[in-house]
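Every letter in the sequence shown is one number past the one before it in UniProt numbering, and letter 331, counting from 1, is 331. Ideal Cβ placement from N, Cα and C applies to all residues, glycine included. Some notes on the structure that comes next.
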Amino acid sequence: MAIPCNDSDRAVTSTQAQPNPPASTDPSKFEAVDRSKTTPDIKLPNESWLTVLQSSCTYGPPIFERIMLNFIKNPNVTSSHLFRADILFDSDSQPQNGHAEPSDANSRPRDFELPGWTRNRVMVRLLVPRNQQLDRPMTQTCILLSRKSETDLEEHMVVYIPHIDTPDEMPFYHPRVNKLAFHHTFRPSPDQPPANPNDPEQSIPGAGSLSVSYNPFDPTAYLEPKLHRTALKLLQTIHKHGQGQLVGYEKRVHLDRVIPQKRYQDTYARLKTKYGRKLIDGWVEVTDPGKHVFEDLGIAAFCLELWRTMYEVPAAAREEETVGGAETSAVESNLDDPSLTSNGANKPPFPGFVDIGCGNGLLTHILISEGYPGYGFDARERKSWSTFPDAVQQNLHQSLLVPSLLRSSNDHPSPDNDSYNSGLFAPGTFIISNHADELTAWTPLLAYLNSSAFLAIPCCSHDLAGSRFRAPDSTKAQKARRNEHAARLPQQEEASPDESAVRQRQAAETGSLKRTLVHKKMASAYSTLCAYVEALADAVGCEAEREVLRIPSTRNQSIIGRKWRGEGKTEEEKAERVRRLVEEELGRGIEDVGREWLERAEKLAKKPSSGH
């Protein structure tokens, strides 16, 4: 498990354990009981165990097991110092559950027997730290056990055994104990209704408890306050997740749908080690270097791994990965993945990239330095540009993007003017718009016109004329199709049982303004902006994908366009399709839109740079 002992030197804001707390009137609320002076939950003749804390709970074994499996696979839930866990062995995944152990001695599970208990599952994981120069990975065995008494008391236990033999070998992110265990007890109450009627099998009614126990290296040593605080934090975290799942909590943010977590994080760790300190020390912008450097390193890592799945890796990029990966990564390199080292078999060559609205140029710098050809441009030059190597500076340009469709008027600048970019790139060029604001909505349209793939990371809402607005969640044509079927009034809808009870209490004269279910939660401006970019992509035949990026920003949604419908259109047909879409969205002719865009672009070029 991810063990949050790294937070032990910081203030713990959870409920403090009490030696003799009053009886809780609500077992669903967290209240830790000090068990350090009581009989331990685990009693073995050759091992000394100490049960540190205990709390009551109302969730049953299915939820406890689900939580613990999630914590085993995702140690970052409880420790910010850990990236992830790589599963090296899982008894449930072996052929016919034969429990064939791995050949590597350090990856083999360590044994643990508890008389009277059934061993249900054994897993071995590698804990991968976030800073691989400061902390080293550690292998750990995880054992899931259970037993059931004749009195209907169900007990489940999860034991963690670090593959460490002395306290001095223990990494900083893990408590200095030989073993630790989580003991869950539960007695069902069949006469009570389930806590969540929609999931009665998982929300079995009843009462139980959860405790945390240590097997210290030195059984005679005093229990350090750090270990006590660690147990408290772990207990509270499990309680929070358990009670949340009991009432039907569902995870809303799903990560790593496009790129596997391991590949992304290994590449990010390599880039961070290679560039992080140097970029922060040499920062010349007025903005926070930590935020921008680590954010762009994360985006660069995502781009590199996305491109590896789409294109043949350039020779220069393979050289950079070989040098950087061998020196900086403490875990298995992505170069060892045979699916990624086939020299681009059946993949097209990398077409180059363009970073539109590149800002400080940091992302462009990292990608070029990693061996991927490309360039970036922005309306204003940044101080950072002059700090990059010559090979990067030559590929950073001050230029205003005025899409070719908006330049048909005689008042518009000539396409030959170097200070303007038409948005027509070499066919297939991968387009990046990272917080490009005015260019965000245009990104899928430019990709369509250039037969390109794209990555858009939205930030602020601007319409297709460059004006600030609150983006809708769909294009006007899509909204019109939705409205073809007349909306029904709330009183015309069939009421659910819960709503029926409410309506019986609501007479017309009460003046109730009870909202319909549709209006109970309005989407944020950012979420509708992301949906709008997806809708624009769909309008030109792109099957967009959404990925939540692992970057230090609340603006971390990305829209990826690499699959297109109805290919084979001529350039003229594409241009006409985009022109109609722009005019329909803005409700005016393309000439008016072009004039407004150019006016805004020229004003933008005169503004002082923000550092991004």
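Using DSSP with H/G/I as helix, E/B as strand and the rest coil, what is Met157? strand
Using the C-alpha atoms, what's the distance from Ile368 back to Val392? 7 Å
Unbroken stretches of the beta strand (DSSP E), 3 residues or longer, contained in the stretch 200-236: 206-215
How many angstroms separate the CA atom of Lys240 from the CA atom of His228? 18 Å
Check whether the stretch 149-157 and the stretch 289-299 touch, using three or more Cβ-Cβ pairs below 8 Å as the test. no
Taking just the CA atoms, how far does Thr429 sit from Leu464? 22 Å
Around the Cβ of Ala105, are there at least 16 other Cβ atoms within 10 angstroms (buried) or fewer (exposed)? exposed
Go ahead and pull the three-state DSSP assignment for Pro129. strand
Cβ distance (whole Å) where Ser433 is taken to contact Gly357 below 8 Å: 6 Å
Run of the beta strand (DSSP E) containing Pro289, from where it starts to where it stops: Premise fails: Pro289 lies in the alpha helix (DSSP H), Pro289 to Met310, not in any beta strand (DSSP E).
Could you tell me the alpha carbon to alpha carbon distance between Ile431 and Arg481, rounded to whole angstroms? 30 Å
Grab me the residues of Glu596's own chain with a C-beta within less than 6 Å of its C-beta, minus the 5 sequence neighbours each way, in chain order. Ala465
Are the beta-carbon atoms of Ser384 and Leu405 separated by less than 9 Å? no
Taking one C-beta from the stretch 40-59 and one from the stretch 231-239 each time, how about it: are there three or more such pairs within less than 8 Å? yes
Which residues does DSSP list as the beta-bridge partners of Asn421? Leu401
Would you check if the distance between the CB atom of Arg562 and the CB atom of Ala426 is smaller than 9 Å? no
How about the stretch 344-355 and the stretch 272-290: do they share at least three Cβ pairs that are nearer than 8 Å? no
Determine which residues share a DSSP beta bridge with Tyr375 and list them. Val354
Distance CB(Ile366)-CB(Thr309) smaller than 9 Å: no
With DSSP run on the structure shown, which of helix, strand or coil describes His435? coil
Pro593 in three-state terms, based on DSSP: First, the residue type needs correcting, since residue 593 is Val and not Pro in the sequence shown. Correct three-state label for Val593: helix.
Taking only runs that begin and end inside the stretch 43-106, name each unbroken beta strand (DSSP E) of 3 or more residues, in chain order. 50-57 and 82-90
Hey, how far is the Cα of Pro314 from the Cα of Gly371? 7 Å
So, is Gly248 buried or exposed, given that buried needs 16 or more other C-beta atoms within 10 angstroms? exposed
Exposed or buried, Pro219, counting other C-beta atoms within 10 Å across all chains shown (16 or more means buried)? exposed
Need the endpoints of the alpha helix (DSSP H) that Leu446 sits in, please. Thr443 to Leu449
Unbroken beta strand (DSSP E) run spanning Lys272, endpoints: That residue, Lys272, is in no beta strand (DSSP E); it is neither H nor E in DSSP.
Where Met68 falls, given that 16 or more other Cβ within 10 Å makes a residue buried: buried
Residue range of the unbroken alpha helix (DSSP H) whose run includes Gln557: Unbroken run through Gln557 is the beta strand (DSSP E), Gln557 to Gly561; no alpha helix (DSSP H).
Alpha carbon to alpha carbon, how far is His462 from Gly541? Give it in angstroms, no decimals. 22 Å
Quick check on Leu144: buried or exposed, where buried means 16 or more other Cβ atoms within 10 Å of its Cβ? buried
Once DSSP output is grouped into helix, strand and coil, what is the label at Glu370? coil
Enumerate in chain order the residues of its own chain whose CB-to-CB distance from Ser474 is below 8 Å, with the five nearest sequence positions on each side excluded. Arg482, Ala531, Tyr532 and Ala535
Return the residue from the list Leu126, Lys603 and Ala269 that minimises the CA-CA distance to Leu88. Leu126
Provide the residue span of the beta strand (DSSP E) that contains Val548, from first to last. Glu545 to Val548
Between which two residues does the beta strand (DSSP E) carrying Ala471 extend? Ala471 -> no beta strand (DSSP E), and no H or E assigned at all.
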